[in-house]
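Going left to right, the first sequence walks through residues 133 to 1056 as the working numbering numbers them.
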Amino acid sequence: MTKEKNLYILDGHALVFRAHYAFINRPLMNSKGMNTSAITGFVRSLWDIIVNRQPTHIAVSFDVSNITFRNEMYPEYKANRDETPEDIRKALPYIKKIVEGFNIPIFTLENYEADDIIGTLSKQAEKKGFNVYMVTPDKDFGQLVTEHIKIYKPSRQGNGVEILGIPEVLKKWDISSVDQVIDMIGLQGDSVDNIPGIPGVGPKTASKLLKEYKTVENLLEHTDEIKGKLREKIESNKEQGLLSKKLAIINTEAPIVFDEEATVIQNANREELAKIFTELEFRTLSNTILGEHKDGVQQALFGVEPVEAKDLPVIDKIAPKNYQNVNKEYLLIENKEDRADLITTLAGSEAFCFDTETTSLYPRAAQLVGISFCIEPNKAYFVLIPEDHNEAQKIVSEFKSILENEKIIKIAQNIKYDSIVLKNYTIDVKGIFHDTMLMHYLVHPELRHNMDYLAETYLAYKTISYDEMTEKKGKNQLTLRQVAKDKLKDYASEDADITYLLHEKLYKELDESGMKNLYFEIEEPLIKVLAQMEFDGIRLDSEFLGDYSKELNEKILNVKDEIYKMAGTEFNIASPKQVGEVLFDLLKIPYRWKKTKSGQYSTNEAKLSELSKDHEIVLKILDYRELTKLKSTYVDALPKLVNKTSGRIHSSFNQALAATGRLSSNHPNLQNIPIRTESGRKIRKAFIPENDDHVLLAADYSQIELRLIAHMSNDEAMIEAFNKNQDIHRATAARVYDVPYDEVTDHQRRNAKTVNFSIIYGAGSTNLSQQLDIKRSEAKELIDAYFNQYKGLKKYMDDTVKFARENGYVETLKGRKRTLRDINSKNRMAQSGAERIAINTPIQGTAADMIKIAMINIYDAMKAKEFKSRMVLQVHDELVFDTLKSELDELRDLVIKEMKNAIPDLQVPILVETGIGKDWLEAH
DNA sequence: GGTACGCA
DNA sequence: TGCGTACC
133 MTKEKNLYIL
143 DGHALVFRAH
153 YAFINRPLMN
163 SKGMNTSAIT
173 GFVRSLWDII
183 VNRQPTHIAV
193 SFDVSNITFR
203 NEMYPEYKAN
213 RDETPEDIRK
223 ALPYIKKIVE
233 GFNIPIFTLE
243 NYEADDIIGT
253 LSKQAEKKGF
263 NVYMVTPDKD
273 FGQLVTEHIK
283 IYKPSRQGNG
293 VEILGIPEVL
303 KKWDISSVDQ
313 VIDMIGLQGD
323 SVDNIPGIPG
333 VGPKTASKLL
343 KEYKTVENLL
353 EHTDEIKGKL
363 REKIESNKEQ
373 GLLSKKLAII
383 NTEAPIVFDE
393 EATVIQNANR
403 EELAKIFTEL
413 EFRTLSNTIL
423 GEHKDGVQQA
433 LFGVEPVEAK
443 DLPVIDKIAP
453 KNYQNVNKEY
463 LLIENKEDRA
473 DLITTLAGSE
483 AFCFDTETTS
493 LYPRAAQLVG
503 ISFCIEPNKA
513 YFVLIPEDHN
523 EAQKIVSEFK
533 SILENEKIIK
543 IAQNIKYDSI
553 VLKNYTIDVK
563 GIFHDTMLMH
573 YLVHPELRHN
583 MDYLAETYLA
593 YKTISYDEMT
603 EKKGKNQLTL
613 RQVAKDKLKD
623 YASEDADITY
633 LLHEKLYKEL
643 DESGMKNLYF
653 EIEEPLIKVL
663 AQMEFDGIRL
673 DSEFLGDYSK
683 ELNEKILNVK
693 DEIYKMAGTE
703 FNIASPKQVG
713 EVLFDLLKIP
723 YRWKKTKSGQ
733 YSTNEAKLSE
743 LSKDHEIVLK
753 ILDYRELTKL
763 KSTYVDALPK
773 LVNKTSGRIH
783 SSFNQALAAT
793 GRLSSNHPNL
803 QNIPIRTESG
813 RKIRKAFIPE
823 NDDHVLLAAD
833 YSQIELRLIA
843 HMSNDEAMIE
853 AFNKNQDIHR
863 ATAARVYDVP
873 YDEVTDHQRR
883 NAKTVNFSII
893 YGAGSTNLSQ
903 QLDIKRSEAK
913 ELIDAYFNQY
923 KGLKKYMDDT
933 VKFARENGYV
943 ETLKGRKRTL
953 RDINSKNRMA
963 QSGAERIAIN
973 TPIQGTAADM
983 IKIAMINIYD
993 AMKAKEFKSR
1003 MVLQVHDELV
1013 FDTLKSELDE
1023 LRDLVIKEMK
1033 NAIPDLQVPI
1043 LVETGIGKDW
1053 LEAH
């Protein structure tokens, strides 16, 4: 018997798009700011096939243009498509070059889609005795599947590869013959390709109908047997259904001939590939594909043992290094002598790296399972810590002297977490913190900063997966305590070891970026402040919330009743879908907006508010929404977050998330605790001081961003207004409307205020007109008048954008940088988005720097004075202190002074407003 | 308009 | 994942 012939035909565009969008939230980026998601994803899929599937023949097909014969049948075909994203357009030439580098032929054909080319080639190849695999994520290809033609669906984020033969296709579509794929599309349509189908018919109805009638044509002949609305819909859309089916048919007779010879798999052009990979900075992929040694092309490229693709996710093939193939020395330390030796070793070091393994993501609730240490590459120690708390405390205490040694630098990934966990064991980690996560955050604020990602990008190393170690299969997962100690030793040691290696690279990169000062003067000391704040937490009045919950519950029931009465029916008010149907179908309230993507009525607040003026029920629905949201998100949720040991709430502050440099908080998120409405504000009453000897002191910056923009832009008029201590919005209105300061109307002031804010956010006239409910032209005039008064501001904004264009980044007063990859984009949307960021980031980021500096200085001063009072919250421009009454006056003076002087020598005064109260609402 | 988090 | 809401 001759060898089997296996042909893989890749659906180029579909794979590229899928890869691009797979990473859309955190695109892969090289140092030149190029988005490489699409290329990486495509090449990974290609390489996966070459290595794991051992094809004998291979080809790639691409679309040539958007216009094909289908547009002659139906001009709207694919007309809903947005323009190809710029990132993809830029990626395509590279992908084609790489495919050529692999010596793989590319098939294209004018006026036909890649689908048709793949269909035609597949059928011809099948006749020549091939097994054909159509490599595509598109399930429409199901119509072409036969015994020898299958769909090969590349793996998606660990989902594993799917191979669809006839039974799989039938199951996926719930049909009885693959020919019915086109009937399915004919009936249900395809929103992606803008194929209309028959309105009101979805997948369920379509397959039910086809079970009965087999084909669209047959169905249309027997519509008299169908009942009710469905019949009407089908009868009135007959033509559309037939056309849709036609559009769905993949042409297998395209004018193209399958050239068997051309598709035989060949050795790659190593030099060509190396050149492209270098340009793209694909170190990992390049190592994987080209190997690290220069000889043995055949060996490195295709001489790989066949592996079942299912068993090995693509990623394992991509990162070449891991615990299995690099020589690592990881030692398990579980007796007192070994610990003593380790401590001696660590005590003699200038710096060591450590990492804790615990039982919880939340440090205040976490128990130590072990601590790993590393002081040289590829060697690490794992100290096992038993479950018994007294035993554990004893062992941890042995390490107190070195962890609290101020002279030893501590290297760790997200050291705030470890530091809080150790506080649970009365250890206060000291010495300078070198946090790899924060270093990377400063250098690349817009990327991800988790260790696995850093290991892959900086070290080309694939770490041991947590889920693998804990044998996660579906729902069941071992806890760390259940993991065999040797396995845990490897996992934990690797964390410390990898962090150590990452530190070498990241510290250097931080230095080169010029942000070392920013790190050591702001971020590093802030870690210690935040760790203390999180550890201390804030007291919560659960009793108050319990009462409030009951109160809200009654209100909710009342509102619900009223709504049902007005609607004349009961429905789920929490469901936007049902709300839409009741309002616009049942009650016939005119609907005059676009529907949502999923074809539903949009019922967001802006639209409902507009309707609420004329329709009482809409007002009630808004009330209902507010009350239920309040109850579930805050009133009922907050008491659940009270820590059992401390009896307090320990919100976590993420220092490495917001690209502008701000902190974010979660568990709970303090940044969206309502303030606009009365019932929302009340939530703040639940945040209370430690006891009757304490009060809450709240201090917030007044107009900090406008003051900063005044300073940074050198705008004389704005600086003058602030120096005269004027109300800035009133002063703005006086200038813009050319009226005396004292005669500004409320309306004028409100407009001016809105303009002031839209300026800070870089918003344009469109946005402003919506905010103020005025015409775009009026908004434009307003903005022009504004800039005419604040000429310095205008110039600053122009200069900032110009700087960003030339340098590719913007920065804050303290040197925090943010790269703007779209600032020179040809895509207008993307570019103006980048311009807004260019204007907003320096301001928001400087304000963030400023409050961070204030926090550090206040914290240090409080420590020096041995205050019993504690800094407990930071929200945007506000700090909250749980204050011992006897320290109140001194603390307030201190806070005001440090907040004002965080960034000295500004051209405008900085105003800090303070309040005192028995709860946060009263203090605010 | 962007930057977030949490709920369903 | 989409939607809602908070902040700026």
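Backbone N, C-alpha and C define an ideal beta-carbon position, used for all residues, glycine too.
The region 669 to 681 makes no contact with the region 506 to 514, as fewer than three CB pairs between them are under 8 Å. For L1038, the secondary structure class from DSSP, reduced to helix, strand or coil, is coil. For the pair L829 and L650, the CB atoms are not nearer than the 8 Å cut-off.
Only residues of its own chain outside the window of five on either side were considered, and among them A842, Q1039 and V1040 have a CB closer than 6 Å to the CB of I851, listed in chain order.
For a cut-off of 8 Å, the C-beta gap from S957 to E218 is around 6 Å, short enough to register as a contact.
Short of 7 Å from the beta carbon of A706, and not among the five residues preceding or following it, lie these beta carbons of its own chain, in chain order: T760.
Within 10 angstroms of the beta-carbon of N989 lie 16 or more other beta-carbons, which makes it buried. The beta carbon of V691 is closer than 8 Å to those of K752, D755, Y756 and L759 in its chain, skipping five residues each way along the sequence. Counting only the Cα atoms, L620 lies some 30 Å from V293.
Taking C-beta atoms as the reference points, L570 and A884 fail to come closer than 8 Å.
Using a 10 angstroms sphere on the CB of L718, the tally of other CB atoms stays under 16, which defines it as exposed.
Restricting attention to L160, A865 and N959, the CA atom closest to the CA of I915 is found in A865. A863 sits buried, since 16 or more C-beta atoms from the chains shown fall within 10 Å of its C-beta.
The DSSP-derived three-state label of E1045 is strand. Take D768, set aside five residues on each side of it, and the residues of its chain with a beta-carbon closer than 7 Å to its own are S681, in chain order. Taking every protein chain shown into account, the CB of A472 has fewer than 16 other CB atoms within 10 angstroms, so this residue is exposed.
Secondary structure of G947 (DSSP, three-state): coil. For V183, the closest alpha carbon among the candidates D322, L319, T809 and L422 is that of L422.
By the neighbour-count criterion, in which 16 or more other beta carbons inside 10 Å mark a residue as buried, M961 falls on the exposed side. Spanning the alpha carbons of T268 and I749 requires a straight line of approximately 49 Å.
Looking only at I527, P331 and T490, the smallest Cα-Cα distance to K468 is reached by I527.
By the neighbour-count criterion, in which 16 or more other beta carbons inside 10 Å mark a residue as buried, R213 falls on the exposed side.
Rounded to whole angstroms, the gap between the alpha carbons of A1055 and D487 is 39 Å. Assignment of H189 by DSSP, reduced to helix, strand and coil, places it in the strand class. Within the region 925 to 998, the complete alpha helix (DSSP H) segments of 4 residues or longer fall at 960 to 996, listed in chain order. Per DSSP, F273 has no beta-bridge partner at all. In terms of Cβ geometry, G502 and L516 form a close pair [threshold 8 Å].
No residue range can be given for I388, since it is assigned to no beta strand (DSSP E) and is classified by DSSP as neither H nor E.
The count of Cβ pairs closer than 8 Å, one atom from the region 582 to 596 and one from the region 807 to 823, stays below three, leaving the stretches out of contact. For Y590, the enclosing alpha helix (DSSP H) starts and ends at M583 to L591.
Taking 8 Å as the upper bound for CB-CB distance, E666 and F785 are in contact here, some 7 Å apart. In the structure shown, the three-state DSSP call for S339 is helix. Residues of the same chain with a CB within less than 6 Å of the CB of N798, apart from the 5 flanking positions on each side, are S784 in chain order. One Cα belongs to K934, the other to E967, and the distance between them is close to 9 Å. Cβ atoms of G700 and A980 stay farther apart than 8 Å, at about 52 Å. In this structure, N399 sits away from Y209, with a CB-CB distance that is not shorter than 8 Å.
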